[in-house]
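Okay, structure first, notes after.
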Amino acid sequence: MTQDEELSRYMYQIEQYKEQLNQLDMQSQYLQAALMDYNKAKLTLENLKKTDKDLEILLPIGGGTFIDASAKKSSKVLVDIGSGLVSEKNYDDAIKKIDERVKNLEKTQEKLAQMIEQIQQEATNISTKAQQIMSEQNKK
793 MTQDEELSRY MYQIEQYKEQ LNQLDMQSQY LQAALMDYNK AKLTLENLKK TDKDLEILLP
853 IGGGTFIDAS AKKSSKVLVD IGSGLVSEKN YDDAIKKIDE RVKNLEKTQE KLAQMIEQIQ
913 QEATNISTKA QQIMSEQNKK
């Protein structure tokens, strides 16, 4: 393989690594948003659990739009269990379910971070090799 072919191959690999890193970064952002959403839900449940009366609340309806609503004291929480199904739980069980989901998301995020680090190391190694070839070509 000639140096030009090898350099082209390295440049192609670097571009592939960039694409992979962009995809992984998007997944990481999605996971971060989901973690924030679950943590917000947990905090809301913990605060609602402490109240013993009906509350006036702002209900988000999407698009940054809210309506005034009242939340009656309830011992039931409906939790999404997948496929459009919900399960009725008490506050403590709902909070435990959220904690499980947060833990799973955090594990996934750790794996993603490891993948990102590995790809960055590989891209750095390839980049170093490409730079060596280019400097050799410039010496000629």
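First residue of the sequence shown? That's 793 in our numbering, and the numbers climb one at a time after it.
Positions of the beta carbon are idealized from the N, C-alpha and C atoms, including for glycine.
Closest by C-alpha distance to residue i, when choosing among the options
i: S866; options: I925, P852 and K881; result: K881
i: L816; options: E898, V894, D846 and L904; result: L904
i: S820; options: K845, E902, K841 and D829; result: E902
i: L840; options: M828, S862, Y822 and G854; result: S862
i: E892; options: Q923, T794, I873 and L799; result: I873
i: L823; options: T843, T857, G876 and K899; result: K899
i: L835; options: I908, I890, M818 and Q910; result: I890
i: E914; options: L813, M793, S800 and T794; result: L813
Nearest-angstrom Cβ-Cβ length linking residue i and residue j, presumed shorter than 8 angstroms
i: L897; j: A826; result: 6 angstroms
Quiz item: Considering only residues of the stretch 795-880, which uninterrupted beta strand (DSSP E) runs meet the minimum length of 3 residues and lie entirely inside it, listed in chain order?
Solution: Runs found: 847-854, 857-863 and 869-874.
Self-check item: Stretch pair the stretch 871-890 + the stretch 805-813: three plus CB contacts closer than 8 angstroms
Solution: Contact between the stretch 871-890 and the stretch 805-813 is absent, because fewer than three Cβ pairs lie under 8 angstroms.
Practice problem: Could you tell me which uninterrupted alpha helix (DSSP H) segments, each at least 4 residues in length, are contained entirely in the stretch 890-930, listed from first to last along the chain? | Solution: none
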